[in-house]
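K.L.:
So for the sequence shown, the working numbering puts the first residue at 23; every next one is plus one. Take this structure first; my questions come after.
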Amino acid sequence: MLRNGLRSVPKCLKCDKPVKFHASVTKYSEYCSAKCSASSVQTQNKKRNTNVSLYGTQNAANSQKERRAKDFFEKRYQSLETFKDKIVPLFKVDEWRGGLSTTKYDWKCVRCETEFRDRLKQNHPLCPKCDRSFTDIEKVIKKILDQNKIEYQAHNRKIIGSERMELDFYVPSLRLGIEVHGLWHHGENRFDANYHQRKAQVCEKKGIKLIQVFSDEIKFQFPIVKHKIQNAIRCNEGKVIGARKCVVRVLGKSECKEFLKENHIQGSDMSSIKYGAYYSGELVGVMTFCELRIALGHKTKQEGVWELSRFCTKKENRYVGLFSKMLQCFIQDCSPHEILTYGDGRWTHPTDNVYCRAGFEYLGTSKPSYWYCKAGEKRLHRFGFRKSLLAEKY
């Protein structure tokens, strides 16, 4: 029996199958099943219109996904100082796939305008040019080079090309290499005792001057380290003052000690003869001498043989010829038979240095010495841990 005066049973608007009569609403359905109803154009249009009126978009699920993605960028990405004003995304927010750490996205570095692909995980993304896995102490040296607009290569393994050796920084225009050593990393016995000296010798053969800096020097003596690196890259903005304008005279112990602490990478010493150079009444240079030291392997003293222990000038300016002038003052006053000196191989080239230019003869390179480390933060000279000294203390 047909209802509502119909002569035939209505058919589904989607599949043309007969539909059922619903007594509760006293009419036939428009669709034969919920599946046909949901997939019909009319129902989909109705859902879209409802979503637009309620949520402002045709797809409510996509709207929630977009909001979640935007919240992610606001809370996790844009708030991180690591990326703020440094790296910007080149992909749309709705392309982000949530927390998948293996998915790479397109980014652009604001600093160097390099476009690259990287993940969004922990400390990533990182610009391959500006942020190539620099350690904290490497970033200090990197900042000095960047501030002085020096073109350099980072983590280069091709320059030396020998047994896994890598230069942390290499300045091609000056043929200058800079190595930064962390005390903890280099105290794990990963390298043999001669590794760093061997690297310096390889660089010397290739015509590269290599500077090697330890992390405790950066932490506790940064002004001195910065000054020495600026001199090496020829970016010292101080005045150039000739030695003829300076007056050299014997220096007191306390004044010498304070000056060395502020200007010499190895600090003060226990020398017996001290000279100071003064410019316009201000102390600008110190040179000290002592008898042969036991700490450097000299068991007995030799008459007329002295060691040049320390030489440094005030950090701000350059004092041309001051080394030779102060050395001549010592020679005139003490008439030494022979003068020995040691240059730190991490900072001083074996033959291209102030000693050779002043008349010293290069005799050879000493074996690397060992140091003790305090809590992985500061090096302590082994001479302070002699058995005789420890027996007196303990």
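Just so you know, even glycine gets a beta-carbon here, dropped at the ideal spot from N, CA and C. Predicted model, so just to flag it, every value in this text is computed and none were measured.
Starting from K164 and walking both ways along the alpha helix (DSSP H), at which residues does that stretch end?
P.N.:
Residues D158 to Q169.
K.L.:
I need the DSSP call for R266, collapsed to helix, strand or coil.
P.N.:
Note: R266 maps to helix in three-state DSSP.
K.L.:
Between the region 356 to 374 and the region 337 to 346, do at least 3 Cβ pairs fall closer than 8 Å?
P.N.:
The region 356 to 374 vs the region 337 to 346: no contact.
K.L.:
Between the Cα of H177 and those of I166, T157, S195 and C131, spot the shortest distance and give me the residue it belongs to.
P.N.:
The shortest Cα separation from H177 among I166, T157, S195 and C131 belongs to T157.
K.L.:
Would DSSP call F16 helix, strand or coil?
P.N.:
Examination of residue 16 is not possible in this model, given that the chain is present from 23 through 416 alone.
K.L.:
With DSSP as the reference, label Q324 as helix, strand or coil.
P.N.:
Here Q324 sits in coil by DSSP.
K.L.:
Determine the contact status of L232 and L198, defining contact as a CB-CB distance below 9 Å.
P.N.:
In contact: L232 and L198 (Cβ atoms closer than 9 Å).
K.L.:
For Y53, which residues in the same chain have their Cβ closer than 7 Å to its Cβ, ignoring the five residues on either side in sequence?
P.N.:
Cβ within range, chain order: C34, L35, K36, V41, S59 and S62.
K.L.:
For R179, which residues does DSSP report across the bridge?
P.N.:
None, per the DSSP bridge assignment.
K.L.:
Between which two residues does the beta strand (DSSP E) containing Q288 stretch?
P.N.:
Here Q288 belongs to no beta strand (DSSP E), and DSSP marks it neither H nor E.
K.L.:
Are the CB atoms of I182 and D190 nearer to each other than 9 Å?
P.N.:
No. Outside cutoff.
K.L.:
Any idea what DSSP makes of K400, helix, strand or coil?
P.N.:
Of the three classes helix, strand and coil, the one that applies to K400 here is strand, per DSSP.
K.L.:
Three or more beta-carbon pairs under 8 Å between the region 389 to 406 and the region 256 to 273, yes or no?
P.N.:
These segments do not touch.
K.L.:
Would you identify the three-state DSSP class for C334, choosing helix, strand or coil?
P.N.:
Three-state result, C334: strand.
K.L.:
Pull the bridge partners of G260 from the DSSP assignment, please.
P.N.:
G260 is not bridged to any residue.
K.L.:
Look up C395 in the DSSP assignment and give the residues it is bridged to.
P.N.:
Note: C395 sits in a beta bridge opposite R401.
K.L.:
What are the boundary residues of the beta strand (DSSP E) that includes L344?
P.N.:
Premise fails: L344 lies in the alpha helix (DSSP H), L344 to C356, not in any beta strand (DSSP E).
K.L.:
What is the DSSP secondary structure of L189, reduced to helix, strand or coil?
P.N.:
Strand at L189.
K.L.:
Could you give the first and the last residue of the continuous alpha helix (DSSP H) run that contains A130?
P.N.:
Residue 130 is actually Lys in this sequence, not Ala. Run containing K130: none in the alpha helix (DSSP H); it sits in the beta strand (DSSP E), Y127 to C131.
K.L.:
Do V376 and F333 have their beta-carbon atoms positioned less than 9 Å apart in this structure?
P.N.:
Yes, the Cβ-Cβ distance between F333 and V376 is below 9 Å.
K.L.:
Per DSSP, which one or two residues make a beta bridge with P40?
P.N.:
P40 pairs with K33.
K.L.:
With DSSP as the reference, identify every bridge partner of P111, one or two as the case may be.
P.N.:
Looking at the DSSP assignment, P111 forms a beta bridge with W129.
K.L.:
Taking the continuous alpha helix (DSSP H) assigned at E226, which residues delimit it?
P.N.:
Per DSSP, E226 belongs to the alpha helix (DSSP H) from Y217 to K227.
K.L.:
Assuming V235 and V262 are in contact, meaning their beta carbons sit under 8 Å apart, how far apart are those beta carbons, in whole angstroms?
P.N.:
Incorrect: roughly 25 Å between the Cβ atoms, too far for contact.
K.L.:
What number of angstroms, rounded off, separates the C-alpha of N73 from the C-alpha of K114?
P.N.:
Distance between the alpha carbons of N73 and K114: 22 Å.
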